[in-house]
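Student: Numbering (my numbering), first residue to last: 5 to 294. All residues carry an ideal CB built from backbone N, CA and C; glycine is no exception.
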């Protein structure tokens, strides 16, 4: 059946939970602008996640710590203005939910009310879970983010693989359980061994969505900028290789520049002209002014 004529339902946390319960894979994509969000929503992704990769890939921030809330909010709005069916999730940037509970709720509410998001995403651990519980209690759906947490680079000793040792893996499980107890409807699990992903998908009651965590979760997540090769920075190896639009973009920009320099563009056949009579009148008018 053609996707355009197929009757579609708005994705909700309840529908994601039903997919997990039935053993159906959940497919998530990171989107950060209106064109990409419209394409992804037309294809039919379950989750449209506006993560911190957006301000990094589109605005040139070298780290997620540099991302400002207003920037994340603007990109969230770009997504939700065109997305109709996928469940839209807005990332809570660095220190926007760590200062106080009231500030955390206020910022989360802005992503919902001003950004149009269906839910927010929080990185953290068992200590952050208390704040997450208050956001959920305020009526705002929350996704957790465990494993590699880019906003906690120093605390986690870099962006590398997390959970290699039994002790590290047990801590990820402990933190995940704390977020689940706080009321999150799902967990994004980034850059961890497949064994951890498999264990959490089997033992946790909510969907476990993996990015770089192996083939055993309830769902898979990847940034669209990495899918199509559209970023100012090298993409992580675990993001896979699907298509690279950079050569096409370079080709188009180079051709445009070359045709301008060789006077082939703008094209003569599409150039608009005044009638000779109106042109004569125009010259007479401007000569009087001069």
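Tell me whether residue 274 is buried or exposed, calling it buried when 16 or more other Cβ atoms sit within 10 Å of its Cβ.
Tutor: If you number the chain shown from 1, residue 274 lands on position 270. Residue 274 comes out exposed.
Student: When the distance is taken between beta carbons, is residue 217 closer than 8 Å to residue 337?
Tutor: The requested residue 337 does not occur in the structure, where the chain is confined to residues 5 to 294.
Student: Any idea if residue 131 is buried or exposed, counting beta-carbon neighbours within 10 angstroms, 16 or more meaning buried?
Tutor: In the chain shown, the residue the question calls residue 131 occupies position 127. It is exposed - the Cβ of residue 131 has fewer than 16 other Cβ atoms within 10 Å.
Student: Looking only at its chain, what residues have a beta carbon closer than 6 Å to the beta carbon of residue 167, apart from the 5 residues adjacent to it on each side?
Tutor: What you label residue 167 is simply residue 163 of the chain shown in a count that begins at 1. For residue 167, where only same-chain residues beyond five positions count, the Cβ hits under 6 Å are 173, 176, 196, 197 and 200.
Student: Buried or exposed: where does residue 2 fall if 16 or more other Cβ atoms within 10 Å of its Cβ makes it buried?
Tutor: In this structure the chain extends from 5 to 294, so residue 2 is not present and cannot be described.
Student: Are the region 82 to 101 and the region 116 to 134 in contact at 8 Å, needing three or more beta carbon pairs?
Tutor: Judged by Cβ distances under 8 Å, the region 82 to 101 makes contact with the region 116 to 134, as three or more pairs qualify.
Student: Is residue 144 closer than 8 Å to residue 170 when the C-beta atoms are compared?
Tutor: In the chain shown, residue 170 corresponds to position 166, counting from 1. In the chain shown, residue 144 corresponds to position 140, counting from 1. No, Cβ-Cβ distance for residue 170 and residue 144 is not below 8 Å.
Student: Short of 6 Å in beta carbon distance, which residues of its chain neighbour residue 60, apart from the five on each side in sequence? Order them along the chain.
Tutor: Locating residue 60 in the chain shown gives position 56, counting from the first residue. Here the set comprises nothing.
Student: Closer than 8 Å by C-beta to residue 117: which residues in its own chain qualify, once you throw out the five before and the five after it? Chain order, please.
Tutor: Your numbering for residue 117 matches position 113 in the chain shown. The answer is none, since no qualifying residue turns up.
Student: When DSSP labels each residue in this structure, what does residue 256 get in the three-state scheme?
Tutor: To locate residue 256, count along the chain shown from 1; it is residue 252. Of the three classes helix, strand and coil, the one that applies to residue 256 here is helix, per DSSP.
Student: For a quick check, are the C-beta atoms of residue 184 and residue 221 less than 8 Å apart?
Tutor: Translated into positions along the chain shown, residue 184 becomes position 180. Translated into positions along the chain shown, residue 221 becomes position 217. Against a cut-off of 8 Å, the Cβ pair of residue 221 and residue 184 comes out as no contact.
Student: Taking the alpha-carbon positions, what's the residue 96 to residue 252 distance?
Tutor: Locating residue 96 in the chain shown gives position 92, counting from the first residue. Locating residue 252 in the chain shown gives position 248, counting from the first residue. In a straight line, the C-alpha of residue 96 is about 33 Å away from that of residue 252.
Student: For residue 154 versus residue 34, is the C-beta spacing smaller than 8 Å?
Tutor: To locate residue 154, count along the chain shown from 1; it is residue 150. To locate residue 34, count along the chain shown from 1; it is residue 30. The answer is no: Cβ separation not under 8 Å.
Student: If I'm right that residue 20 touches residue 190 with Cβ under 8 Å, what's the distance once you round it to whole angstroms?
Tutor: Along the chain shown, read from residue 1 onward, the residue named residue 20 stands at position 16. Along the chain shown, read from residue 1 onward, the residue named residue 190 stands at position 186. Confirmed, about 6 Å.
Student: Check the DSSP bridge columns for residue 95 and list the partner residues they point to.
Tutor: One-based indexing of the chain shown puts residue 95 at position 91. In the DSSP output, where bridge partners are listed per residue, residue 95 has 125.
Student: Threshold first: 4 residues or longer. Then list the alpha helix (DSSP H) segments lying entirely within the region 29 to 82, N to C.
Tutor: DSSP runs (the alpha helix (DSSP H)) wholly in the region 29 to 82: 38 to 47 and 57 to 63.
Student: Which residues in the same chain as residue 55 place their Cβ atom closer than 6 Å to its Cβ, once the five residues preceding and following it in sequence are excluded?
Tutor: Position 51 of the chain shown, counting from 1, holds the residue named residue 55. Within the same chain, residue 55 has close Cβ partners 34 and 95.
Student: Cβ atoms of residue 149 and residue 127: under 8 Å apart, would you say?
Tutor: Start at 1 with the first residue of the chain shown, and residue 127 comes out as number 123. Start at 1 with the first residue of the chain shown, and residue 149 comes out as number 145. For residue 127 and residue 149, yes; Cβs fall inside 8 Å.
Student: What would DSSP say about residue 224, mapped onto helix, strand or coil?
Tutor: Taking the first residue of the chain shown as 1, we reach residue 224 at position 220. Residue state, collapsed to three classes: strand.
Student: Is residue 161 helix, strand or coil when you go by DSSP?
Tutor: Position 157 of the chain shown holds residue 161. Note on residue 161: pLDDT 49, under 50, position unreliable in the model; the coordinate value appears next. Note: residue 161 maps to coil in three-state DSSP.
Student: My guess is that residue 108 and residue 139 are in contact by the Cβ rule of under 8 Å, so how many angstroms apart are they, rounded?
Tutor: As a first step, residue 108 is located in the chain shown; it is residue number 104 there, counting from the start. As a first step, residue 139 is located in the chain shown; it is residue number 135 there, counting from the start. With a Cβ gap of about 6 Å, residue 108 and residue 139 count as contacting.
Student: Our contact map puts residue 32 next to residue 213 with C-beta atoms below 8 Å; I'd like the distance itself, whole angstroms only.
Tutor: Here residue 32 is taken as the residue at index 28 of the chain shown, counted from 1. Here residue 213 is taken as the residue at index 209 of the chain shown, counted from 1. Right, the Cβ-Cβ distance comes to about 6 Å (below 8 Å), so this counts as a contact.
Student: Quick one, which of 293, 232 and 30 has its alpha-carbon nearest residue 48's?
Tutor: Here the question's residue 48 lines up with position 44 in the chain shown. Nearest of 293, 232 and 30 to residue 48, Cα basis: 30.
Student: Counting C-beta neighbours from all protein chains within 10 Å, is the total for residue 278 16 or more, i.e. buried, or is it exposed?
Tutor: For the purposes of this step, residue 278 is taken as residue 274 along the chain shown, with counting starting at 1. Exposed, since its Cβ has fewer than 16 Cβ neighbours within 10 Å.
Student: How big is the Cα-Cα spacing for residue 36 and residue 290?
Tutor: Counted from its first residue, the chain shown places residue 36 at position 32. Counted from its first residue, the chain shown places residue 290 at position 286. If I take the Cα positions, the gap works out to 48 Å.
Student: Please give me, in chain order, every unbroken run of the alpha helix (DSSP H) with length at least 4 that falls completely inside the region 160 to 234.
Tutor: DSSP runs (the alpha helix (DSSP H)) wholly in the region 160 to 234: 170 to 186, 198 to 207 and 228 to 231.
Student: So residue 264 and residue 247 are supposed to be a Cβ contact under 8 Å. How far apart are they, rounded?
Tutor: Within the chain shown, residue 264 is the residue found at index 260, counting from 1. Within the chain shown, residue 247 is the residue found at index 243, counting from 1. Incorrect: roughly 28 Å between the Cβ atoms, too far for contact.
Student: How close, in whole Å, do the beta carbons of residue 52 and residue 83 come, if the pair is a contact with beta carbons under 8 Å?
Tutor: As a working note, residue 52 is residue 48 in the chain shown. As a working note, residue 83 is residue 79 in the chain shown. Confirmed, Cβ separation roughly 6 Å.
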